[in-house]
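In the numbering used here, the protein residues as written are 1 to 377.
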């Protein structure tokens, strides 16, 4: 199960907790490698049996079992990565409580305090009350209070700062373990984007061209992106044309929805929202999406700015190149403190029309600069 989380959330450090019906597996992970952990008899079904259905008795069992895990002190203050159906149901309840619009469980993050609070509320609810909650699976009703109890106690023992839900677990771990080292080393987000673009885009190879072409806009002296931000920009460039075959009036919302709800791994929810907003701006320009309510509060102002700039750059790219492979690398950006200049070879001067100039101007304004076009050699 820990390897499954490694497959779906590369590069993380923390403790993986896999709660099954009969046991709780705890495995610390660092640098993609699982360390020695523990198997505890704290699965909800077993707890119900051991505690004769009493949460008070179950609490004593959980306290005793977790209190014996001296190794856990070495991993305090890290994230807890939660695997298992009971904990996924708890996350759904948290989403509903927040009116969270993106019902994608993988890499959904719950602050530790909120996870403990909602766990304690669930512990106090009886089966009838739990059964009335729309987001609770009927077959999890009996187990949910006991699973919530285990989560609350585990957060306390680990002093976890956040709980991260993983949709990847045992099955994915078995598959991941059977891959060769080269496949295991691939970035799951980039691989997933290539797969989606391979099915939906006209020219899936365009993504790498866009990534190199837009780099000057995100250089240190302009937007100064981090390596993680560059990774997301690469993913957005790969997905830039997945909405091409939809009616123009619906492309922006289609692209946004596809990206928001795609079964990607290796990307957290703010990253997913960034990619979706790039997809929207690539088709709609500076407009503001109405889909799924107001999503602006879920990513930072910096990410809004980066998504707008990248979306507008990709919008310009398709107009300039006519969606033709090999055309875009013949042009380039020169970005100064005050301006954004598009340099186009003399032999392609005919490509520069009113729409290209208009879209370049919109891009420059998003960067707080003036636009210019220079015909070069």
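Ideal Cβ placement from N, Cα and C applies to all residues, glycine included.
Secondary structure at residue 34: strand, using DSSP grouped into helix, strand and coil.
Secondary structure note for residue 373: its beta strand (DSSP E) is the uninterrupted segment 370–376. A contact between stretches requires three or more CB pairs, one per stretch, nearer than 8 Å, and the segment 241–257 fails this requirement with the segment 216–227.
Under DSSP, residue 333 forms a beta bridge with 342. Leaving aside the five residues that flank residue 63 on each side, the residues in its chain whose CB is nearer than 7 Å to its CB run, in chain order, 153. Spanning the alpha carbons of residue 278 and residue 45 requires a straight line of approximately 45 Å. Within the segment 153–184, the complete beta strand (DSSP E) runs of at least 3 residues fall at 162–165. If only uninterrupted beta strand (DSSP E) runs of at least 3 residues are considered, those enclosed by the segment 40–105 are 79–83. Going by C-alpha positions, residue 170 is about 21 Å away from residue 262. Excluding sequence positions up to five before and after residue 159, its CB lies within less than 6 Å of the CB of 76 and 77, all in the same chain and listed in chain order. A Cβ-Cβ distance of about 6 Å is found for the pair residue 330 and residue 348, placing them in contact under the 8 Å criterion. Taking C-beta atoms as the reference points, residue 4 and residue 176 count as a pair closer than 9 Å.
Where residue 111 is concerned, the enclosing beta strand (DSSP E) starts and stops at 109–111.
Excluding five sequence positions before and after residue 376, the CB atoms of its chain that fall closer than 8 Å to its own CB belong to 343, 344, 345 and 346, given in chain order. Minimum Cα-Cα distance from residue 2 among the listed residues 74, 172, 92 and 113 corresponds to 172. For residue 19, the enclosing beta strand (DSSP E) starts and ends at 14–19. When the Cα atoms are used, residue 301 and residue 310 turn out to be separated by approximately 14 Å. In the structure shown, the three-state DSSP call for residue 121 is helix.
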